[in-house]
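For the sequence shown, my numbering begins at 510 and goes up steadily by one.
The structure appears right after this line, and notes come after that.
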Amino acid sequence: MLTVAKFGGTSVADFDAMVRCANIVKDRADIRVVVVSASAGVTNHLVTLSQQILPVPEQQSILGKIANIQYAISDCLPDKDEANVEIDAIIEQLAQLVTEQNTLQTAKTADAILSCGEQMSSRLFARVLRQIECQGAYFDIGNVMTTNSLYGKAVVDTQALAVNCQQLLTPQLQDVVTVTQGFIGRDSMGNTTTLGRGGSDYSAALIAEAINADDLQIWTDVVGIFTTDPRIAKSARAIDEISFGEAAEMATFGAKILHPATLIPAIRSSIPVFVGSSREPQAGGTRIMETVSSKPTYRSIALRRQQTLVTVKSPAMLHASGFLAKVFAILASHELSVDLITTSEISVALTFDNPPGSTQAGITQKVVEELEQLCDVRVENNLSLIAVIGNGLLRSQGVGTQVFDTIPQANVRMICHGASDNNLCFLVPEHEGEHVVQTLHDNLFV
C-alpha cells in the first residue's frame with residue numbers, strides 16, 4: 510500500500526496543527542509522500558507582494574507578518590536555530606524578489622514570490638516529523654515537477670514527471686517519508702512556476718499518479734465533503750462516499766474542498782481519494798471512488814460567486830455558419846475559458862469564473878471591443894452560479910419542477926441543463942445566492 514497525503518494551509522497553520530498532521534503520518538505507515546500547502550495566511554500575503562507595488566515600509570510589514578507565522582512554528586522545534594536559519598534565508602530571498610517585482614512586474618517573478626510559502630512550510634513539516642520520531646525528509650518538488658513557462662497557470666509535463674519520480678523520488682520512499690511542496694514546479698530554464706491558486710491538491714494527485722500510488726488523502730479542516738457549505742445551510746451533512754463524476758462536478762462548480770483539476774489524474778489512474786479533517790482524523794471523511802453503492806438524485810448543491818455573464822447578440826447569427834467560431838476565436842486569443850453556454854436563434858449567453866485574487870484572465874474592455882466588431886455585447890457582473898449535483902438528473906422526472914418551484918422568488922438569469930447527467934446549473938444575482946442555496950437544500954435534502 511502506497512499513499513500520498515496532502516495537508517492544506519489550515520492543517521499546517523501553526524506548530525500544534527503541524528504536530529497533529531505529523532501524528533496522522535506516523536500512525537499510517539502507508540503514507541510515504543506528504544504534500545503541503547503554505548501555512549494559512551502566508552499565501553494571501555505573498556499574493557499582495559506579487560501583485561501590488563507597495564511602499565517599502567508596507568513591504569517590510571508584510572514580510573514581518575510572514576516571518577512571524579513561520580518563526581512561531583520553528584521556535585517550538587528542538588533544532589529551532591537550524592530551522593530559523595532556513596526561514597531567514599527564504600525571507601531574505603523573498604525580500605529581494607519583492608524589490609525586483611516592484612521594478613519589473615513580471616509573471617515569472619510573481620511565481621517565485623508565491624512559491625516561498627510552500628518552501629517554508631515543507632521544510633518545517635519535515636522537522637516536525639523528525640521531532641516525533643518519524644523519519645521525514647525535505648524534497649524540492651521542482652526536481653520532478655516539470656512544467657511549461659506559462660507562469661501563474663503552468664501546465665505539467667506528466668510524462669517527464671513520471672520519469673523524474675521513478676528516478677529521484679520512488680527510490681527513497683522505503684527509507685523516509687518524503688515531504689514536498691504543492692502548487693509549484695519548474696520550467697526547462699530552471700525558473701519556478703506555479704500551477705494556479707489551489708493547485709496543491711492537483712500537485713498531490715499528479716504525484717500519486719506518477720508513483721503509482723494506491724491512495725490519495727486530502728487532509729483539510731472539515732470532516733469530508735458536505736451536501737453544501739455548512740456555513741450557508743445548517744442542515745448540511747457530510748457525505749460518506751461519492752463518485753468521481755459527482756465530485757468533479759462539485760469541484761468545478763464551487764465546492765472549496767477540492768481543486769477542480771485534482772480529480773483528473775485520480776480518474777485517469779483510478780486512484781481513490783479520501784477527504785478528511787486533520788483536526789478530527791478519527792471522525793472519518795468522504796471517500797471518492799470510481800463506483801459507489803448509493804446514487805441519490807440529489808447529492809449536493811454548490812455555490813460559486815463572482816460570475817460574469819456575457820451575452821452576444823446579432824441577427825447575422827440566423828442560419829449563418831461560422832459566427833460562434835469567430836466569437837470563440839476571440840475568447841481563445843485572450844486565454845478565456847467559457848464555463849456555461851446557452852443559445853437562441855440570434856444570441857449566445859456565456860459565463861466566466863472570475864474570483865478575487867485569480868490569476869486567470871478576465872473579461873476586459875479590449876475583449877468587449879473585439880466582440881463588438883461582430884455583434885452587440887452585454888456584460889453582467891455580480892452573479893452567483895448555483896449547481897444542483899446528483900445522479901440521473903436528465904432521466905429523473907420532475908427535477909426542474911422540484912428545483913425551480915422551490916425558489917419561485919429567485920431572479921434566475923440563466924439555466925444550463927442537458928449537457929451532463931450530474932448537474933443542473935443556473936445563475937442568480939450575487940445577493941440572492943446564499944438564500945437560494947439554503948432554501949434548495951432545506952427542501953431537497955429532507
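Positions of the beta carbon are idealized from the N, C-alpha and C atoms, including for glycine.
C-alpha distance - His843 paired with Asn657, whole-angstrom precision | 18 Å
Burial state of Lys662 (16 or more Cβ within 10 Å) = buried
Identify whether Leu511 lies in helix, strand or coil by the three-state DSSP scheme.
-> coil
When DSSP labels each residue in this structure, what does Leu682 get in the three-state scheme?
-> coil
For Ile600 and chain B, any beta-carbon pair shorter than 8 Å?
-> No chain B appears in this structure, which consists of one protein chain only.
8 Å Cβ cutoff met for Val688 and Tyr647 | yes
Rounded to whole angstroms, what's the CA-CA distance from Gln947 to Thr703? Just pull it up for me.
-> 35 Å
Would you kindly report the start and end of the unbroken alpha helix (DSSP H) that includes Phe913?
-> 908-915
First and last residue of the uninterrupted alpha helix (DSSP H) at Asp525 | 524-536
Does the Cβ-Cβ distance between Phe753 and Ile797 come in under 8 Å?
-> yes
Tell me, which residues are paired with Met923 by DSSP?
-> Leu936
Endpoints, the beta strand (DSSP E) within which Ile622 is located | It is not in any beta strand (DSSP E) - Ile622 instead sits in the alpha helix (DSSP H) that spans 616-623.
Alpha-carbon to alpha-carbon, Ala811 and Thr868 = Summary for Thr868: the model assigns pLDDT 44, below 50, so the residue's position carries little reliability; its value from the coordinates is reported in the next sentence. Roughly 22 Å between the two C-alpha positions.
Neighbour-count burial assignment, Asn577, 16 or more Cβ in a 10 Å radius | exposed
State the start and end residues of the unbroken alpha helix (DSSP H) segment that holds Val556.
-> 551-560
Residues bridged to Leu818 by DSSP?
-> Thr860, Glu889
By Cβ distance, which residues of its chain are closer than 8 Å to Ile780, with the 5 residues on each side in sequence left out?
-> Ala714, Ala717, Glu718, Ala722, Asp723, Asp724, Leu725, Pro774
In chain order, what residues of the same chain lie with their CB nearer than 7 Å to the CB of Thr618, ignoring the 5 residues before and after it?
-> Leu606, Glu609, Gln610
Tell me, to the nearest whole angstrom, how far the beta carbon of Ser778 is from that of Asp730; I am working on the premise that it is less than 8 Å.
-> Not a contact, Cβ separation roughly 27 Å.
If we count Cβ pairs, one from each stretch, closer than 8 Å, do we get three or more for the segment 582-592 versus the segment 512-528?
-> yes
State the Cα-Cα distance for the pair Gly694 and Leu936, rounded to the nearest angstrom.
-> 35 Å
In this structure, does DSSP put Gln918 in helix, strand or coil?
-> coil
Can you tell me the Cβ-Cβ gap for Ala604 and Leu572, rounded? I've got them flagged as a contact below 8 Å.
-> 6 Å
Quick one: residues in its chain with C-beta nearer than 7 Å to the C-beta of Glu939, no 5 flanking neighbours on either side, listed in chain order?
-> Arg814, Asn891, Leu892, Ser893
Among Gly942, Thr806, Gly901, Glu943, which one has its Cα closest to the Cα of Ile928?
-> Strictly speaking, residue 928 in this sequence is Ala, with Ile absent from that position. Residue Gly901 is the option with its Cα nearest to Ala928.
How many Å lie between Met654 and Pro917 at the Cα?
-> 49 Å
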